[in-house]
Structure formats: structure tokens, C-alpha cells
Amino acid sequence: MNELFLIGIGTGNPDHLTFAGASALNQADLVLVPRKGPDKADLADLRLQILAKVLTNPATQVVEFDLPLRDAANPDYRAGVDDWHDAIAAAWTRAAARVPGAGRVALLVWGDPSLYDSTLRIAARLTPPPRIRVEPGITAIQALCAAHAIPLNRIGSPFTVTTGRQLRDHGFPSGCDTCLVMLDGENSFQTLDPQGLEIWWGAYLGMEAQILDHGPLAEAGPRILATRSAARQAQGWIMDIYLLRRHSAPD
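Just so you know, the sequence shown maps onto residues -11 to 239 in this note's numbering.
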């Protein structure tokens, strides 16, 4: 592996792939497709659907491999993540070695590799280090705002992108009235005083199973909890994101 293409594929709709991303795929010798177990088979299948739609180079090979799981029981969160990233880098190397001579290797990345995604950090662990080429994709933030047909920011105002862990530990970020929350498996909006807050929530954005809800947090929050629980049980997994906005300033 002397060149690694990291290609953002959006949030589950094959049409999210850019022309540049499709071109990069067809320049690759090998495309690696991770599998996260039977409960998340849909995620690998969506990648394969994208490849079936855009891959026209008969010389490009596709290899599926098992993605290592993070040890959630490790009390040192950061150390556990570092060990997990080392294991993923090693899994990439083993999978690429199954196709000798594959110099250009591609990986399809959910959303965009630049935003709350560790693919670039994992790629930095490869030895010897390959040249990295990134093709950006549609982020979950863009998909959420598009699905609800809302602007991301108020006029002239900043916004914050954060995680569920940060929201739980530190509350609604200061200095802004709009907050995007990602990577939240704990429904951390429950920790906030809902007075004066509105929420726009979305799960499986861009997919056929897309679910949306919106309203004052006090009213929409319980609906979202019930909907999210039922959807996760039905699908076996869930990817969601939400936007919180204060009513403190008119738009």
C-alpha cells in the first residue's frame, strides 16, 4: 500500500458520493470494506451497493474484512481508543496484503473523514506511511439540516459542534445559541433544562429508514427517546444526530 484513498460517502444514500469520489474508486487497485458483525451488516451492504453502482474498472478488487471492536470495558477511555485504532490499522494492513501488488487502496468513510471520524488518525499509524488522498463527503450535519430544511446558523451567529459526552459533562456550550450533537448513544439532551430549547433530530439520514422529529425539547424529547429505542431494537443499530437551538434571539 503506497497510496490510500479516503472517500467520504455521506450518510447512507448512494447518490451522496461525489464524481471525484467515484473517480478515485476507479483509480484504486483495491477497495477495503469493513464488516462490524451481523447486527451492522447493513452498513457493509450499503458500501457494496455504492461500489456496484459506480465501480466500472474491472481491475479494481474488493476485499471485505472484520473490523476489530473497541474494548468498552477499559476504564481508560483514551488508552482504549488508542489500542482500538492500532488494531484497526493492523486489520487494514492484513486485508490489503490479501491482494499482492495493490498499491492504491481505497476506504469508504461514512460522512466526511474530517469530522468526528478517526480514519485519518488510524491511517497515520500505518507503516510505512502511504500517501493520503481525501475526497470529502456530505456530513451528517448537512444531511440533518437538509432533511429538516433549516439553516444551520442564525444570522451572523456562531454554532458549536460537540459530542454527547461533552454535552453531559459541560452542558449547553456557552457563547452560542446553536449546538450540533454527534456521537451520542446516551440521549444526552436529557441532562439539559429543556426550557427555551428546540430540537431537530434525525436518524438513518439519507437512508430509506430515515426518521425525523422536531419541536420544543420538553415535548419532542420523550418522543425521540421512544422512537430511537424502537428503531434501534428493530434495526440492531442506529446512527443519529441532533441540533439544539435556544430561543434567546430572533432569526
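Ideal Cβ positions, reconstructed from N, Cα and C, are used throughout, including at glycine.
Practice item. Using only alpha-carbon positions, find the residue among R142, V97 and P118 that is nearest to C167. Key: As a working mapping, residue 167 is identified with position 179 in the sequence shown. Of the listed residues, the one whose Cα sits closest to C167 is R142.
Check your understanding: Are at least three pairs of beta-carbons, each pair with one atom in the stretch 121 to 139 and one in the stretch 90 to 100, less than 8 Å apart?
Key -> Verdict: yes, contact present.
Check your understanding: G(-2): buried (16+ other C-beta within 10 angstroms of its C-beta) or exposed?
Key -> Counting from 1 along the sequence shown, the entry for residue -2 is found at position 10. By the neighbour-count rule (16 or more Cβ atoms within 10 Å), G(-2) is buried.
Check your understanding: Which residues does DSSP pair with M(-11) in a beta bridge?
Key -> Here residue -11 refers to the residue found at position 1 when the sequence shown is read from its first residue. Looking at the DSSP assignment, M(-11) forms no beta bridge with any residue, so it has no partner.
Check your understanding: So, helix, strand or coil for P204, using DSSP?
Key -> Translated into positions along the sequence shown, residue 204 becomes position 216. DSSP places P204 in strand when its eight states are reduced to three.
**Study point:** Proximity winner among E174, A47, V21 and L34, relative to P56 (alpha-carbon distances)
**Key:** Taking the sequence shown and counting its residues from 1, one reaches residue 56 at position 68. Residue V21 is the option with its Cα nearest to P56.
Practice item. With a 10 Å radius around its C-beta and 16 neighbouring C-beta atoms as the bar for buried, classify H235 as buried or exposed. Key: Counting from one through the sequence shown, the residue named residue 235 turns up at place 247. That one is exposed.
**Study point:** Any beta strand (DSSP E) of 3 or more consecutive residues that is wholly inside the stretch -9 to 75
**Key:** -9 to -4, 18 to 23 and 49 to 54
Check your understanding: How close, in whole Å, do the beta carbons of Q49 and D17 come, if the pair is a contact with beta carbons under 8 Å?
Key -> The residue you call residue 49 lines up with position 61 of the sequence shown. The residue you call residue 17 lines up with position 29 of the sequence shown. Confirmed, about 7 Å.
Check your understanding: DSSP three-state call for T107: helix, strand or coil?
Key -> As a position in the sequence shown, residue 107 is number 119, starting the count at 1. Looking at T107 - three-state DSSP - the assignment turns out to be helix.
Point to revise | W80 in three-state terms, based on DSSP | key: The residue given as residue 80 occupies position 92 in the sequence shown. Helix, per DSSP.
**Study point:** Residue from T81, L(-8), S217 and A219 with nearest C-alpha to L96
**Key:** Here residue 96 refers to the residue found at position 108 of the sequence shown. Checked all of T81, L(-8), S217 and A219; the closest Cα to L96 is L(-8).
Exercise for review: With 8 Å as the threshold, decide whether the Cβ of T215 is near any Cβ in chain B.
Suggested key: Protein chains in the displayed structure number just one, and chain B is not present.
Exercise for review: Just list the alpha helix (DSSP H) runs in the stretch 108 to 158, keeping only unbroken ones of 4 residues or longer that don't cross its boundaries, in chain order.
Suggested key: 128 to 136 and 152 to 158
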